[in-house]
Every structure is written in structure tokens, then in C-alpha cells.
Amino acid sequence: MSRILHYILIALAVIWAAPWTLLGCALGVVNLIAGGSWQLRGRVLEFEGRFLAWLLNRAPLIGGASGMTLGHSVIARTQDDLDPTRDHEFVHVQQYERWGPFFVPAYFISAGWVWCRGKHPYWDNPFEREAYETAP
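In terms of the numbering used here, the sequence shown opens at residue 353 and continues consecutively.
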């Protein structure tokens, strides 16, 4: 594949996931105003800070999370949470690139489906299983 085609495909993947990336960036901006920080890792914006810690401690399905991916943005409680989860969250970035705006509805439908079958909505969710199998 030519380099130009490669970059075109990356640009299309970024655009496809953009609605969720914008939400992550909006949360990141609020976090920056509250004294948090950000960094760019490849094509992913990472945000961490007290506002996000407060938000993530109330995450559904598992009663709190150290990080969460929204498109090409990752929000986390602290830098110490970002570092060990980066590979896992990048798998979710790739899932957003495949599913685009349909990722979050598909994620919650999957969670509901496995819960109805008597399994855990987070740990048995196919999206999480892929992320944990790819980046344990």
C-alpha cells in the first residue's frame, strides 16, 4: 500500500471516530480548566486530572474506571493510570476506527447482551475481551 493511501485511510478513520473524539476533547478541556493536563501520543490525545478522576470514579458497568477511550481521546484519572493502560486503550481506539459513531451503542448493546446471558457486562463484553487479549 502506498504511503499516500495509508495516510488517507488514517485520516478517514480519524474522521469516522470524530464524534466521540470531540466528546473526549470537550471533557478534556473542562479538565484542563480544572488544572489537569494533556499529551499527544501518536494520533491519540490523552487527558488526566482531578475532574476526570471524579468522572471516572462514577463510570458505569464496573463501578469506576482508571481510564476510558472516546474516539481518538483517552481520559484518565492520573498519569499513573495512563501509562499501564495505554496499549489496552489503543485497542479501543482501533475499535472506534472500525465502528465509528456506532461504537458506543454497540458497546452498550454488547454489555446488555452478555448481562442478559448471566455474564458480567464489562469483563465479558466482546470489546473488552479483545482489548484484554490484545493488550493484557
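For glycine and all other residues, C-beta sits at the position ideal for the given N, C-alpha and C.
None of these values were measured; they are calculated from a predicted model.
Own chain, CB closer than 8 Å to residue i, minus 5 neighbours either side, in chain order
{"i": "A411", "result": "A417 and M420"}
{"i": "D439", "result": "T486 and A487"}
{"i": "V382", "result": "F403"}
Beta-carbon gap between residue i and residue j smaller than 8 Å
{"i": "E449", "j": "V426", "result": "no"}
{"i": "A483", "j": "P473", "result": "no"}
Same chain, Cβ closer than 7 Å to residue i, neighbours up to 5 away in sequence not counted
{"i": "R429", "result": "E400, L404, A405, L408 and S418"}
{"i": "T373", "result": "L422, G423, H424 and S425"}
{"i": "L375", "result": "L422"}
Sequence-distant residues of the same chain with beta carbon closer than 6 Å to residue i, five excluded per side
{"i": "P453", "result": "P371"}
{"i": "T486", "result": "V443"}
{"i": "A378", "result": "none"}
{"i": "W451", "result": "A458"}
Nearest-angstrom Cβ-Cβ length linking residue i and residue j, presumed shorter than 8 Å
{"i": "Q447", "j": "F455", "result": "6 Å"}
{"i": "L397", "j": "G380", "result": "7 Å"}
{"i": "G387", "j": "R402", "result": "7 Å"}
{"i": "R395", "j": "I362", "result": "7 Å"}
Any non-hydrogen atom of the ligand NAD within 7 Å of residue i CB
{"i": "W475", "result": "In terms of ligand content, the structure shown is empty, and the ligand NAD therefore cannot be addressed."}
For this session: Ignoring anything shorter than 4 residues or poking outside the segment 392 to 427, list the alpha helix (DSSP H) runs there in chain order.
Result: 402 to 408
Exercise. Taking only runs of the alpha helix (DSSP H) that begin and end inside the segment 353 to 391, which ones reach a length of at least 4 residues, in chain order?
Worked result: 355 to 368 and 370 to 385
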